[in-house]
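Visitor: Okay, handing you the structure first.
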Amino acid sequence: MPKPKIALYWAAACGGCDVAVLDTNEKILDIANLTDIVFWPIALDFKYHHVEEMADGAIDLCLFNGAVRNSEQEEIAKLLRAKSKVMVAFGACACFGGIPALANFTTRNEIFERVYIESPSSANKNRTFPQTLTRVEEGELEIPEMFDTVMTLAQVVDVEYFIPGCPPPVDIILKVVDLFARGQLPPVGSIIASEKTCCDECERIKEEKKIDRIWRPHQIIPDPKKCLLEQGIICCGPATRGGCGLRCVKANMPCRGCFGPPPEVIDQGAKLISAIASIYQGDGDDGIDRMLAEIVDPAGTFYRFGMAASLLKRKRILQDKRRE
Ligand code: SF4
Ligand code: SF4
Ligand code: SF4
Numbered sequence: 003m004p005k006p007k008i009a010l011y012w013a014a015a016c017g018g019c020d021v022a023v024l025d026t027n028e029k030i031l032d033i034a035n036l037t038d039i040v041f042w043p044i045a046l047d048f049k050y051h052h053v054e055e056m057a058d059g060a061i062d063l064c065l066f067n068g069a070v071r072n073s074e075q076e077e078i079a080k081l082l083r084a085k086s087k088v089m090v091a092f093g094a095c096a097c098f099g100g101i102p103a104l105a106n107f108t109t110r111n112e113i114f115e116r117v118y119i120e121s122p123s124s125a126n127k128n129r130t131f132p133q134t135l136t137r138v139e140e141g142e143l144e145i146p147e148m149f150d151t152v153m154t155l156a157q158v159v160d161v162e163y164f165i166p167g168c169p170p171p172v173d174i175i176l177k178v179v180d181l182f183a184r185g186q187l188p189p190v191g192s193i194i195a196s197e198k199t200c201c202d203e204c205e206r207i208k209e210e211k212k213i214d215r216i217w218r219p220h221q222i223i224p225d226p227k228k229c230l231l232e233q234g235i236i237c238c239g240p241a242t243r244g245g246c247g248l249r250c251v252k253a254n255m256p257c258r259g260c261f262g263p264p265p266e267v268i269d270q271g272a273k274l275i276s277a278i279a280s281i282y283q284g285d286g287d288d289g290i291d292r293m294l295a296e297i298v299d300p301a302g303t304f305y306r307f308g309m310a311a312s313l314l315k316r317k318r319i320l321q322d323k324r325r326e
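Counted the way the numbering used here counts, the sequence shown spans residues 3 to 326.
Laid out in structure tokens, this is it:
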């Protein structure tokens, strides 16, 4: 009997999700034994035309990591969708936009201006920016168009499953491959994680305490037995889906929210703001101003992984001509 065919792809990604697959160590051999890997650009020398030549639906399972932020990634997402029976958004960037979607707080033009003009290492008097099409003696050179708005995978193509995490934990990867190989994947649309919040799964002591100031993790050494949020460190546990094994909290670091919003929560950032507001003890406007000043990076704190999937989606730009 032929082995199921599996494809792995990275779009706007850091490579960590692919490394997480390799982190399965010797179990990677089980994955290779159970499946036939037909496309995996980071590890194997397949080309796009190999995928184009496949029949529609020829790939049984595609693990797609990374957000979609340029025309090449959008094209390959659509190609892999057509060729795959089951499409999986693999990792926080594919599921929610992840770190790349923090770019939605700015615009492509602002990013180009910063990178190609303002950065201290730039010497670009002629204001030359990347062009999608450049004519040279030998012909035309084409590079992908960078979009203004970073998107989740599901904003581009239909997705059957979501595996959150930055990157997804190894035990969840192995569980998914095992369920897939045995034909026991959960109902379509499932997020393969817990149905609880990180706080629900956290064993730290919670005393229902209020806080009167917010600390950044490097400013204090927290008590390893007590709730980090109640010690004034912003921990995204109340606004984050569980299932990661509390990787960060067990290392005495706050949860940053990489498993995305818990069930029934649409906007992870709004949920976290509400959780912090409910325990912060401040007097009047001064107290609110002080709290806002103590949250040094609100965008990165509340929407570190979820900007593209949030209700905000991106910074509002009036009269812009960007793609939606
Ligand atoms: S989810 Fe995390 S590890 Fe995976 S590509 Fe995005 S930033 Fe990298
Ligand atoms: S806020 Fe963080 S430390 Fe506190 S209970 Fe929730 S996950 Fe644990
Ligand atoms: S504790 Fe939070 S940030 Fe850390 S792995 Fe788990 S969900 Fe992600």
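For every residue, glycine included, the Cβ atom is placed at its ideal position computed from N, Cα and C.
Since the structure is predicted, the reported quantities are computational estimates derived from the model, not experimental observations.
Please report the straight-line C-alpha distance between Pro240 and Val267, rounded to a whole angstrom.
Guide: So the two alpha carbons sit approximately 11 Å from each other.
Visitor: Quick one: what's got a C-beta closer than 7 Å to Glu326's C-beta in the same chain, skipping five residues either side?
Guide: Confidence at Glu326 is low in this model, with a pLDDT of 44, below 50, so the placement of that residue should be treated as unreliable; the coordinate-derived value is given next. For Glu326, where only same-chain residues beyond five positions count, there are no Cβ hits under 7 Å.
Visitor: Take Ser86 as the anchor and find which of Gly68, Thr108 and Asp58 has the nearest alpha-carbon.
Guide: Ranking the options by Cα distance to Ser86, first place goes to Asp58.
Visitor: Between Pro264, Arg206 and Asp214, which lies nearest to Met255 when the distance is taken from Cα to Cα?
Guide: Ranking the options by Cα distance to Met255, first place goes to Arg206.
Visitor: Return the CA-CA distance between Ala156 and Glu162, expressed in angstroms with no decimal places.
Guide: Going by the C-alpha atoms only, they are around 9 Å apart.
Visitor: Measure the C-alpha to C-alpha separation of Leu36 and Lys5 and round it to an integer number of angstroms.
Guide: The straight-line gap from Cα to Cα measures roughly 7 Å.
Visitor: So what's Glu162 in DSSP terms, helix, strand or just coil?
Guide: Here Glu162 sits in coil by DSSP.
Visitor: Can you name the start and end residues of the alpha helix (DSSP H) that Thr134 belongs to?
Guide: Here Thr134 belongs to no alpha helix (DSSP H), and DSSP marks it neither H nor E.
Visitor: Given a threshold of 16 other Cβ atoms within 10 Å of its Cβ, counted over all protein chains shown, does Tyr11 qualify as buried or as exposed?
Guide: Under this definition Tyr11 is a buried residue.
Visitor: Using the C-alpha atoms, what's the distance from Ser312 back to Pro166?
Guide: Looking at the two C-alpha atoms, the distance is approximately 15 Å.
Visitor: Tell me whether Asn106 is buried or exposed, calling it buried when 16 or more other Cβ atoms sit within 10 Å of its Cβ.
Guide: That one is buried.
Visitor: Regarding Ile101 and ligand 1, is the C-beta to nearest heavy atom distance less than 7 Å?
Guide: For ligand 1, at least one heavy atom lies less than 7 Å from the Cβ of Ile101.
Visitor: By a C-beta neighbour count over all protein chains shown, 10 Å radius and 16 as the cutoff for buried, is Glu232 buried or exposed?
Guide: Buried, by the Cβ-count rule.
Visitor: Just the Cα atoms here: how many angstroms apart are Pro170 and Gln283?
Guide: Looking at the two C-alpha atoms, the distance is approximately 35 Å.
Visitor: Rounded C-beta distance between Val70 and Ala79? I'm assuming under 8 Å.
Guide: Correct: roughly 6 Å between the Cβ atoms.
Visitor: In chain order, what residues of the same chain lie with their CB nearer than 7 Å to the CB of Thr26, ignoring the 5 residues before and after it?
Guide: Excluding positions up to five away in sequence, the list reads Ile33, Val172, Ile175 and Leu176.
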